[in-house]
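Reviewing the structure listed below.
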Amino acid sequence: MPTADRYDHSMQEMMARTGSFPLHVPYGLVRRFGRPGGVVLDPFCGKGTSILAARLLGRPAYGLDVAPEAVICSRAKLLATDVRAVESYIRRLPTDDGDCADVPDEVRIFFHPATLSQILSVRDALLHDVDLGRRATRSCATVALGLLLGILHGHASYSLSLPSSHAYSMSPQYVQRYSQEHGLTAPLRSVQECLLAKAARCFRDPLPPSVAGDVMEAPAAAVATAFPELTGRVDLVVTSPPYLAAQTYAKDNRLRLWLLNRSYPTIRAQYIQTQSIDRYRDLLTEAFAAIAKALRRSGKLVCIAGDVRHTTTSKGERRTDVIRTGDLLADICRSRQVGLRITHRSVHRVVGGRRYLNALANSNGHSQRDMVERVFVAER
Ligand SMILES: C[S@@+](CC[C@H](N)C(=O)[O-])C[C@H]1O[C@@H](n2cnc3c(N)ncnc32)[C@H](O)[C@@H]1O
3 MPTADRYDHS MQEMMARTGS FPLHVPYGLV RRFGRPGGVV LDPFCGKGTS ILAARLLGRP
63 AYGLDVAPEA VICSRAKLLA TDVRAVESYI RRLPTDDGDC ADVPDEVRIF FHPATLSQIL
123 SVRDALLHDV DLGRRATRSC ATVALGLLLG ILHGHASYSL SLPSSHAYSM SPQYVQRYSQ
183 EHGLTAPLRS VQECLLAKAA RCFRDPLPPS VAGDVMEAPA AAVATAFPEL TGRVDLVVTS
243 PPYLAAQTYA KDNRLRLWLL NRSYPTIRAQ YIQTQSIDRY RDLLTEAFAA IAKALRRSGK
303 LVCIAGDVRH TTTSKGERRT DVIRTGDLLA DICRSRQVGL RITHRSVHRV VGGRRYLNAL
363 ANSNGHSQRD MVERVFVAER
C-alpha cells in the first residue's frame, strides 16, 4: 500500500492553497476510522487531500466544494490518467496568440504579455475540452487545468507570474511595488514547457489505480442532491469546514477564478464565510444535518477545526475572544437537528511556521504564532 509522505510533494502539491490538510492527516484518519473498502466523503474537500488519501487506501471517494479551482484539482486527483497521456495532451495544446484585450489590469500586472497570451490560448482549449472533449481528452484536460492553476502564480522556475505566493493571489499593488523595489520583471515563459515540468513533478510517484467516486461543485448542504446514491452509504466523513471568516478562499483565489472565467462576486456569495457566530451555527447545522444523512448506521464523521480569534465592537469597545470552532462544531453535530454521538475528542497545537492552517493568526501564513486545532469523531 502506498504511503502518504511520498505524495505530499508530488500529486498533493498540484496546486498550493491556503487551509489545506497535509496528506498524512486524512490518510491517518481514513486508516484509523474507516473500514476497508468503505466510502469516504469530504463535503468541504478543498483541493482534494482527503480524496487523494482515500484513493491511496483504495476507498471510493466523494467530495463537494463551492470553490471552482478546488473542485478541478480534487477531480484531477481521482482520474485514471498517467503522465504519458497528460504530457502528450499538453504537447498538442495550441499556444498561438490568445486575445488579451479583455484582461483586467489587476491580472495583467502579474504576467509578461507574451506569457499571458499563451495562458489565454491554453486556457480556452482546456475549458473547451473539460466540458466537451471525449472521455480520455476530458481527463487529460482536467489534469492539465489543475496543473495550470498550480503554476499560474508562485515563485518556482515554472511559475508563470511575477514572483509571488504559490498559495494565494497577492494584491496586485503589493506585487507591483515589491517587483519595482527589487528590480523583478514578469517572466517570459513557455506555458507548455512549464506545464510539462509541473506534470513531471506531480506524477513523479505513480498513483495507484483509480477508485470509484466523484467531486461536485456544490455546497456541502446539497450533498443529497449532488450524490443521491450516497444517502445512508458513507462509511467515513473526513472534513474541515471553514472557520467563521478566518480564511478568505474566494479572495485568495481571485487570479485562479479569473483564469476559469468565473465571476468573483457570484462565487463569493456561495462560501460559508461569516463573522456572525449565529449565522455560522445556522449554516453549519444545515450542512451537517445533510452530511449526517449520508452516513451509514455506525458510520463515522471526523472533523478538524482550528480555534479562531473573533473581534467584536460594542459601544465603541473592541473585544477579541478565541472561539473554539471545533467545540462549536461538535455541539452542532450532537444537536437534535443533526443527531450524531460524539465518541472521541482531542486537541493539538500546530507549531507556527510549520502549520498548514493559519486561522488563529488570520494571516495567510506569515505569522509564527502557534495554533490550536480540535478534532472530534462523531458516530451515527
Ligand atoms: C478548511 S478548507 C478545507 C481544505 C481541505 N481539507 C483541503 O485539504 O484542501 C474549507 C473548504 O470549504 C470550502 N467551502 C466554503 N463554503 C463551502 C460550502 N458552503 N460548501 C462546501 N464547501 C465550502 C472552501 O472553499 C474550502 O475549500
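Just so you know, the sequence shown maps onto residues 3 to 382 in my numbering.
Just so it is clear, CB atoms sit at the ideal spot from N, CA and C, and this is done for glycine as well.
Item: Contact test: residue 151 Cβ vs ligand 1 heavy atom, cutoff 7 Å; Value: no
Item: Alpha carbon of residue 127 to alpha carbon of residue 119, nearest angstrom; Value: 13 Å
Item: C-alpha gap between residue 167 and residue 287, whole angstroms; Value: 34 Å
Item: Residues sharing a beta bridge with residue 42, DSSP; Value: 63 and 238
Item: 8 Å contact criterion, which residue 81 and residue 144 should meet: CB distance rounded; Value: 6 Å
Item: The segment 207 to 227 touching the segment 8 to 19, judged by at least three CB pairs closer than 8 Å; Value: yes
Item: Alpha carbon of residue 132 to alpha carbon of residue 323, nearest angstrom; Value: 45 Å
Item: Alpha-carbon to alpha-carbon, residue 19 and residue 25; Value: 13 Å
Item: Contact under 8 Å by Cβ, residue 318 with residue 375; Value: no
Item: Alpha carbon of residue 88 to alpha carbon of residue 117, nearest angstrom; Value: 21 Å
Item: Collapsed DSSP secondary structure at residue 342 in the structure displayed; Value: coil
Item: Residues that DSSP places opposite residue 335 in a beta bridge; Value: Answer is none; residue 335 lacks a bridge partner.
Item: Segments assigned alpha helix (DSSP H), at least 4 residues, entirely inside the segment 211 to 264; Value: 225 to 228, 251 to 254 and 256 to 261
Item: Neighbour-count burial assignment, residue 314, 16 or more Cβ in a 10 Å radius; Value: exposed
Item: Any non-hydrogen atom of ligand 1 closer than 7 Å to residue 67 Cβ; Value: yes
Item: Burial state of residue 338, where buried means 16 or more other Cβ atoms lie within 10 Å; Value: exposed
Item: Endpoints, alpha helix (DSSP H) assigned at residue 108; Value: 107 to 110
Item: beta-carbon residue 258 near ligand 1 non-hydrogen atom, thresh 7 Å; Value: no
Item: Whole runs of the alpha helix (DSSP H) within the segment 86 to 127, excluding any shorter than 4 residues; Value: 107 to 110
Item: CA-to-CA distance, residue 257 to residue 50, given in whole angstroms; Value: 20 Å
Item: One or two residues paired with residue 2 in a DSSP bridge; Value: Here the chain comprises residues numbered 3 to 382, so residue 2 is not present and cannot be evaluated.
Item: Assigned secondary structure, residue 206 (DSSP; H/G/I helix, E/B strand, else coil); Value: coil
Item: Opposing strand residues paired with residue 200 [DSSP bridges]; Value: According to DSSP, which records beta bridges pairwise, residue 200 is partnered with nothing at all.
Item: Any non-hydrogen atom of ligand 3 closer than 7 Å to residue 228 Cβ; Value: Only ligand 1 can be found as ligands here, which leaves ligand 3 out of the picture.
Item: Under 8 Å between C-beta atoms of residue 13 and residue 196; Value: no
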